[in-house]
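2 protein chains.
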Amino acid sequence: MGDGTPATADGKPATIYDVAARAGVSKSLVSLVLQRSPKVSDQRREAVLRAIQELDYRPSTAAVSLAGTRSRTIGVVLDDFRNQWFVDLLTGLREALQDQGHRLVVADRFLNTGLDVSPVEGFLSMRVEGIVIAGEPDTDLAIPASMPVVVAGGRATLPRADTVANDDRAGGRMAAEHLLALGHTRIGFVGGRSAASAERRAGLEAGVAAATSGASVVTHVMPGEPTEAAGAEAVGLLLDAHPDVTAVFAANDVMALGAMSGLADRGLRVPEDVSVMGYDDTPLAATAYVGLTSIDDRSVDIGRGAGERLLARIADPSAPAHETLVEPRLVARRTTAAR
Amino acid sequence: MGDGTPATADGKPATIYDVAARAGVSKSLVSLVLQRSPKVSDQRREAVLRAIQELDYRPSTAAVSLAGTRSRTIGVVLDDFRNQWFVDLLTGLREALQDQGHRLVVADRFLNTGLDVSPVEGFLSMRVEGIVIAGEPDTDLAIPASMPVVVAGGRATLPRADTVANDDRAGGRMAAEHLLALGHTRIGFVGGRSAASAERRAGLEAGVAAATSGASVVTHVMPGEPTEAAGAEAVGLLLDAHPDVTAVFAANDVMALGAMSGLADRGLRVPEDVSVMGYDDTPLAATAYVGLTSIDDRSVDIGRGAGERLLARIADPSAPAHETLVEPRLVARRTTAAR
DNA sequence: TTGTAAGCGTTATCAA
DNA sequence: TTGATAACGCTTACAA
């Protein structure tokens, strides 16, 4: 038993009744044992635990959350499973939530938890106790005002939601310091139209301005999605206009990769001719083949922070919305070099 | 309403009772409307639907699955969220299952759906109607014999489980044909100890043997995990032993990437000096910067097939275990060229 | 410390 | 076509 044997004679999973009968006690006693109540005699407890083993009993989550006062479930909405950064985010969320006895249910925009319109619909049906929005929240998520929400890794366009995000401006400043330290004086920035991109650029410019090196920044912002192709195109336009650029900071790793292939197309070597750095420290950047210098947004810590915030908000729903910025970290690799 | 307003006066979500009262009908009638029963008068139906709208009512999944005969839920076990191929697999699974009214719940080895030891534990508690194992199944998953299971994208080490997987041997053969057509006669293989790797190699060798070109294959199999580092090391050892190799086929894209960086370390250019190809057609391979020729294992189709198989097994639990092989597809990119 | 009994929000089975 | 009413498997007062 315990090895996956069907539970009761009729093939259906065992219930608390079956356990009670087998252990010779009442259902309530079984329930108490399940909840690790201290006021159960060792003798009974052991009898119950033995019956549970023998019957391969497992409480029905449906019954538990229906009968109980809490569902002990947290919903996590991902913008897209293809964005790898959620892996680290989940790790952090788990640390903060799962270990506190909460179940995590993950859904992306498409993986509706049923036949619902949005993932949030499904979560509301499940009576989750709180929701984590990973990334930029869709504006029309229709979350009830009473539902505790925290936005992790994106600006809160949602009212009354807590936020835990990477400090993009600080990251931009770090990029500036890194490139200035390497002796670059003409720095290019390529990015998109997102708020994060704008912040990163602002940080870069602030960092360069703060230095006394006389260095300067030129930028090219692309409309549309921040894709690899956009990065390649942007770096081409940037170099056409400013051939003296020796270092390029991209708003994210994907665009940085595009910049690298754009540079290769022009016969420019990285980092000998031009240094390149990205943002997010994706697995892609970390491969030896790419070896992209990047800014680590510390998703694990963002996840942990978001989980803690959510717990705090569940405990005190009326607390004012709180915004936490996580300090990023520069990871130097082979794509940046002294000039 | 419908915009996320709390439902009832006391802030708790509306129940079927609230809807019934508001619409002036019995709870049973509301339930019938919910189930799209045809034997409800249009008048009543509209009254009920209006009440649902006004109260922002949403059925409790807990109550539904407790009272109903089926949970309409399928559990998906991923080996690791970091393996991107599951994204496509999920797309296929959704097509086959979600559209049939099934809810998909995803868990990886770490994201336990609760405080359970394994993700399967959580699924059993949720009373899922079937389980999809994505990738190589852990041997000690302890799934009850009565639970419908299909292994998607891995060899079934599980008894009585259906399997839907990529035809690794056919993929290896395709690699052979591609490289032979480009004129390569000395082909290297680098791989790991997995069954998939062995099959891919076997396919490569069979493909080369079948040709009359007089080409040959030399291989280097690494112990341990099939990482980028392993790929780099393997290609180095391979070239030390066989400097005349002009094309390398790696058992997967990650090792192929390693091979590319290993070749770069030796000052060899890809594809001018050595052609490289991988397997899995990961997003990494598809980037313009990497542009790796690879074998697409068609995960979307595997997912769809797995979903369909699972439905078939749920319908007929006693059917014999079935194995489906999906024909892979070669995707030529810039890392392979004529010699 | 243990048992009894009343919910929790649905579906399902009957009658009406 | 509708409405009572009994499950479903568990938690939680309240009693004992």
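Which chain is which? The protein sequence lines are D and A, in order. Residue numbers for the first sequence follow the working numbering, beginning at 1 and rising by one. Residue numbers for the second sequence follow the working numbering, beginning at 1 and rising by one. Backbone N, C-alpha and C fix where the C-beta goes; we use that ideal spot for every residue, glycine too. Source: prediction; values computed, not measured.
Mapping the DSSP letters down to three states, classify residue 135(D) as helix, strand or coil.
coil
Contiguous alpha helix (DSSP H) assignments of at least 4 residues, all confined to the segment 6-68 of chain D
For the segment 6-68 of chain D, whole alpha helix (DSSP H) runs of length 4 or above, ordered along the chain, are 16-23, 27-34, 42-55 and 61-67.
Can the beta-carbon of residue 258(D) be found less than 9 Å from the beta-carbon of residue 241(D)?
In this structure, residue 241(D) does not lie closer than 9 Å to residue 258(D) by Cβ.
Measure the C-alpha to C-alpha separation of residue 150(A) and residue 309(A) and round it to an integer number of angstroms.
7 Å
Could you run through the segment 57-70 of chain A and flag, in chain order, every residue whose CB is less than 7 Å away from some CB of chain D?
Per Cβ criterion, the list reads 58, 59, 60, 61, 62, 63, 65 and 66.
is_contact[residue 271(D), chain A] using C-beta, thresh 9 Å
no
Select from 61(A), 38(A), 22(A) and 42(A) the residue whose C-alpha is nearest the C-alpha of residue 51(A).
22(A)
If the criterion is Cβ atoms closer than 9 Å, does the pair residue 226(A) and residue 260(A) meet it?
no
Roughly how many whole angstroms lie between the Cα atoms of residue 275(A) and residue 335(A)?
Roughly 6 Å between the two C-alpha positions.
Inter-residue spacing [alpha-carbon to alpha-carbon] between residue 158(A) and residue 168(A)
19 Å
Nearest neighbour of residue 89(A), chosen from 315(A), 196(A), 298(A) and 32(A) [CA to CA]:
298(A)
Let's test the definition: count the other Cβ atoms within 10 Å of the Cβ of residue 123(A) and tell me whether it reaches 16, buried, or not, exposed.
buried
Take every Cβ of the segment 83-103 of chain D, pair it with every Cβ of the segment 277-285 of chain D, and state whether three or more of those distances are shorter than 8 Å.
yes
When you compare only the Cα positions, how much space is there between residue 301(A) and residue 164(A)?
9 Å
Residue range of the beta strand (DSSP E) that includes residue 105(D):
Secondary structure note for residue 105(D): its beta strand (DSSP E) is the uninterrupted segment 103-108.
Give the residues from the segment 281-293 of chain D that approach chain A closer than 9 Å (Cβ to any Cβ), ordered along the chain.
283, 284, 287, 288, 289, 290 and 291
Candidates 320(A), 325(A), 209(A) and 218(A): closest to residue 173(A) by CA position
209(A)
Measuring only between beta-carbons, confirm whether residue 226(D) sits less than 9 Å from chain A.
no
Closer than 9 Å to chain A by CB, residue 91(D):
yes
Distance cutoff 9 Å, beta carbons only. Does residue 248(D) sit that close to anything in chain A?
Closer than 9 Å: no.
Where residue 296(D) sits in the DSSP three-state scheme:
strand
So residue 186(D) is in the beta strand (DSSP E); what residue range does that whole segment cover?
Following the DSSP letters along the chain, one finds residue 186(D) inside the beta strand (DSSP E) bounded by residues 186-191.
Determine the burial state of residue 110(D): buried for a count of at least 16 other Cβ atoms within 10 Å of its Cβ, exposed for fewer.
exposed
Of the residues 323(D), 125(D), 143(D) and 154(D), the one placed nearest residue 135(D), counting alpha carbons only:
Of all alpha-carbon atoms in 323(D), 125(D), 143(D) and 154(D), the one lying nearest the alpha-carbon of residue 135(D) is that of 154(D).
Start and end of the alpha helix (DSSP H) containing residue 91(D)?
86-97
Tell me the DSSP bridge mates of residue 74(D)?
104(D) and 130(D)
According to DSSP, is residue 327(A) helix, strand or coil?
In the structure shown, residue 327(A) sits in coil (DSSP, three-state: anything other than H, G, I, E or B).
So what does DSSP say about residue 113(D), is it helix, strand or coil?
Residue confidence is low: residue 113(D) scores 49 on pLDDT, short of 50, so the model does not pin down where it sits. Its coordinate-derived value is still stated next. It is coil, neither helix nor strand.
Using 10 angstroms around the beta-carbon of residue 69(A), count the other beta-carbons present and answer buried if the total reaches 16, otherwise exposed.
exposed
Scan the segment 230-242 of chain A for residues whose Cβ lies nearer than 8 Å to a Cβ of chain D and list them as they occur along the chain.
232
Taking 9 Å as the CB-CB cut-off, is residue 261(A) touching chain D?
Contact with chain D is found for residue 261(A), since one of that chain's Cβ atoms lies less than 9 Å from the residue's Cβ.
Per DSSP, what are the beta-bridge partners of residue 81(A) in this structure?
Partner(s): none; residue 81(A) has no beta bridge.
Does any CB atom of chain D fall closer than 9 Å to the CB of residue 134(A)?
no
Whole angstroms are fine: how far does the CA of residue 49(D) sit from the CA of residue 36(D)?
11 Å
Does chain A have any CB closer than 9 Å to the CB of residue 81(D)?
yes
Using beta carbons (cut-off 9 Å, strictly below), is residue 258(A) in contact with chain D?
yes
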